[in-house]
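J.:
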Amino acid sequence: MSDNGRYGQYGGQFVPETVMPALLELEDFYRTVKQDASFIAELNRYLAEYAGRPTRLYYAANLTRHYGGAGIYLKREDLLHTGAHKINNALGQALLARRMGKKRIVAETGAGQHGVACATMAALFGMECKVFMGEEDIERQALNVFRMRLLGTEVVPVTSGSGTLKDATSEAIRYWVTNVRDTHYIIGSVVGPHPYPMLVRDFQTVIGQEIREQQAALNIKNIDFLLACVGGGSNAMGTFHPFHQEKFVRKIGVEAAGKGIFTGQHAASLTQGEPGALHGALSYLLQDEDGQVIPAFSISAGLDYPGVGPEHSYFKDAGLVEYVSVTDQQALQAFELLAKTEGIIPALESAHALAYLEILMPDTKPDQTVVICLSGRGDKDVQQVAKVMEEK
12 MSDNGRYGQY GGQFVPETVM PALLELEDFY RTVKQDASFI AELNRYLAEY AGRPTRLYYA
72 ANLTRHYGGA GIYLKREDLL HTGAHKINNA LGQALLARRM GKKRIVAETG AGQHGVACAT
132 MAALFGMECK VFMGEEDIER QALNVFRMRL LGTEVVPVTS GSGTLKDATS EAIRYWVTNV
192 RDTHYIIGSV VGPHPYPMLV RDFQTVIGQE IREQQAALNI KNIDFLLACV GGGSNAMGTF
252 HPFHQEKFVR KIGVEAAGKG IFTGQHAASL TQGEPGALHG ALSYLLQDED GQVIPAFSIS
312 AGLDYPGVGP EHSYFKDAGL VEYVSVTDQQ ALQAFELLAK TEGIIPALES AHALAYLEIL
372 MPDTKPDQTV VICLSGRGDK DVQQVAKVME EK
């Protein structure tokens with residue numbers, strides 16, 4: 012891997028010439044401030060005092076007894092302010108934007124957690140904020156739409172395409188290109204043109220770094236399995252990256268198989284996709300024989316994206332991470348199981364990672380350890396899950 016925008020053949024900057032000056036400015040500025048002790052101190056202070064880091068590495072005793080194999084630990088990113096890991100990146104990029112003198116933040120969101128995190132940062136730092144969101148996601152994530160508006164952010168409905176995250180991302184990029192002088196685009200995952208995948212990864216690796224520190228503090232001899240859900244892939248990248256060169260830690264990214272991996276209604280770009288360009292980068296992508304993007308499908312708005320971060324594509328080809336998929340139904344069962352065993356309602360995104368325990372745990376041993384990134388809490392998904400359960 013390199014820091015020049017390429018991860019093997021993946022990544023890059025497939026963008027119009029008008030965007031290049033903004034990307035180059037962002038990269039140059041970021042490379043400078045990441046070495047600046049005052050920036051690092053400011054970021055760490057806000058992460059601790061405002062966001063609520065470090066998050067707990069919680070031993071899920073009831074879930075462990077339920078499965079009867081390896082000990083299961085949950086990395087509780089759901090305990091962060093705003094309810095998800097998204098605030099790690101939004102905080103870092105908002106501080107970056109403020110130092111660059113930008114007055115406005117623009118973002119896209121699917122499940123709404125990234126939008127809420129950006130809206131929160133904009134309110135905190137007195138910046139204008141505009142969040143693009145697909146009309147279908149606005150309907151299934153109404154609570155987060157209300158939260159963003161309450162925080163003073165303009166939520167812009169996107170009606171083009173399938174009205175989901177892909178279309179919201181496209182509209183956010185278009186807006187940014189025409190307002191780049193005073194606007195910073197906070198992309199929500201490890202996707203997009205360089206330097207975004209690198210930048211978002213760096214702000215999210217605090218997850219894996221804390222796991223390593225907490226492993227020692229909790230006297231966990233080995234971490235044998237790391238699990239995280241993958242849509243764009245930011246929580247998974249933050250979890251896996253600090254361990255990506257450790258061969259004895261089996262890292263498993265869980266994608267959304269939607270209604271079934273062979274139905275065509277899924278969001279498993281690494282499992283079923285082919286390399287292609289989307290939103291400024293080359294990566295695995297759901298596409299037809301003519302290279303046209305195929306709409307993704309998942310019960311989870313946060314995973315409903317036809318592409319994935321380019322570094323994940325490199326990890327897949329290099330065999331550094333395994334990528335699997337679970338269906339909506341399996342995720343819903345895991346959603347209920349965690350609520351009933353541990354009293355924790357997970358985000359539907361995180362429920363996909365939890366669902367893979369059904370497949371993994373029978374082959375584990377009691378002296379082994381599984382760590383799952385619980386990327387967000389499920390308040391936002393309760394109404395949607397209730398509706399699905401009523402329809403059964």
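Its first residue numbered 12, the sequence shown is counted upward by one per residue in the working numbering.
Even glycine gets a Cβ: it sits at the ideal position worked out from N, Cα and C.
#1: Which residue marks the beginning of the beta strand (DSSP E) containing Gly287, and which one marks its end?
#2: For the segment 330-350 against the segment 240-259, are there 3 or more C-beta pairs whose distance is under 8 Å?
#3: Can you have a look at Met248 and say buried or exposed, based on whether 16 or more other CB atoms are within 10 angstroms of its CB?
#4: If I'm right that Val382 touches Ile184 with Cβ under 8 Å, what's the distance once you round it to whole angstroms?
#5: Report the three-state DSSP secondary structure of Glu119 (helix, strand or coil).
#6: May I have the straight-line CA-CA distance separating Asp169 from Tyr57, to the nearest angstrom?
#7: Sort out for me which residues DSSP pairs Pro168 with in a bridge.
#8: Who pairs with Pro357 in a beta bridge, going by DSSP?
#9: Alpha carbon to alpha carbon, how far is Ile51 from Ser171? Give it in angstroms, no decimals.
#10: Suppose the cutoff is 8 Å on Cβ atoms and the five residues either side in sequence are ignored; what does the same chain contact list for Val396 look like?
#11: Which word fits Ser49, buried or exposed, when buried means at least 16 other C-beta atoms lie within 10 angstroms of its C-beta?
#12: Three-state secondary structure (DSSP) at His205?
#13: Between Ser245, Ser280 and Tyr69, which has its C-alpha nearest Ala101's C-alpha?
#14: Can you check whether the CB of Ile234 is closer than 8 Å to the CB of Thr380?
#15: Among Ala33, Gly82 and Leu176, which residue has its Cα nearest to the Cα of Gly126?
#16: Straight-line CA distance for Ala363 to Gln24?
#17: How long is the line joining the alpha carbons of Ala267 and Ile356, rounded to whole angstroms?
#18: So, for Lys114: in the same chain, excluding its five sequence neighbours on each side, which residues have a beta-carbon less than 7 Å away from its beta-carbon?
#19: Measure from the alpha carbon of Ala105 to the alpha carbon of each residue in Val337, Ser336, Pro321 and Val117, then state which is nearest.
#20: With distances taken between CB atoms, is the gap from His96 to Ile218 smaller than 8 Å?
#21: Provide the residue(s) that pair with Gln24 in DSSP beta bridges, ordered along the chain.
#22: Using the DSSP secondary-structure output, state which residues sit across from Ser336 in a beta bridge.
#23: The alpha helix (DSSP H) that contains Gly302, what's its start and end?
#24: Look at Ser311 and Ala179 and say whether their C-beta atoms are less than 8 Å apart.
#25: Between which two residues does the alpha helix (DSSP H) holding Lys177 run?
#26: Quick check on this structure: which residue in Thr216, Gln152 and Arg212 has the alpha carbon closest to the alpha carbon of Pro321?
T.: Judging by the given coordinates:
#1: DSSP places Gly287 inside the beta strand (DSSP E), whose first and last residues are Glu285 to Leu289.
#2: The segment 330-350 vs the segment 240-259: in contact.
#3: Counting Cβ neighbours within 10 Å, Met248 comes out buried, since at least 16 surround it.
#4: For Val382 against Ile184, the beta-carbon gap comes to about 34 Å, at or over 8 Å, which does not count as contact.
#5: DSSP places Glu119 in the strand class (E or B) of the three-state scheme.
#6: Per the sequence presented here, residue 169 reads as Val, with Asp not at that position. In a straight line, the C-alpha of Val169 is about 32 Å away from that of Tyr57.
#7: Partner(s): Met144.
#8: Pro357 is bridged by DSSP to Arg388.
#9: Approximately 39 Å between the Cα atoms of the pair.
#10: For Val396, where only same-chain residues beyond five positions count, the Cβ hits under 8 Å are Leu343, Phe346, Leu359 and Gly389.
#11: Answer is exposed; the Cβ neighbour count stays below 16.
#12: Coil.
#13: Answer by Cα proximity: Ser245.
#14: Yes, the pair counts as a contact, with Cβ atoms nearer than the cut-off.
#15: Looking at the Cα atoms, Leu176 is the closest of the given residues.
#16: The sequence as given places His at residue 363; Ala does not occur at that position. Note on geometry: alpha-carbon atoms of His363 and Gln24 lie some 31 Å from one another.
#17: For Ala267 and Ile356, the distance between alpha carbons rounds to 19 Å.
#18: Met138, Glu139 and Asp193.
#19: Nearest option by C-alpha distance: Val117.
#20: With a cutoff of 8 Å on beta-carbon distance, His96 and Ile218 are scored as near each other.
#21: Gln24 pairs with nothing; no bridge assigned.
#22: Glu266, per the DSSP bridge assignment.
#23: Here Gly302 belongs to no alpha helix (DSSP H), and DSSP marks it neither H nor E.
#24: Going by C-beta atoms, Ser311 is not nearer than 8 Å to Ala179.
#25: Start and end: Leu176 to Thr189.
#26: Residue Arg212 is the option with its Cα nearest to Pro321.
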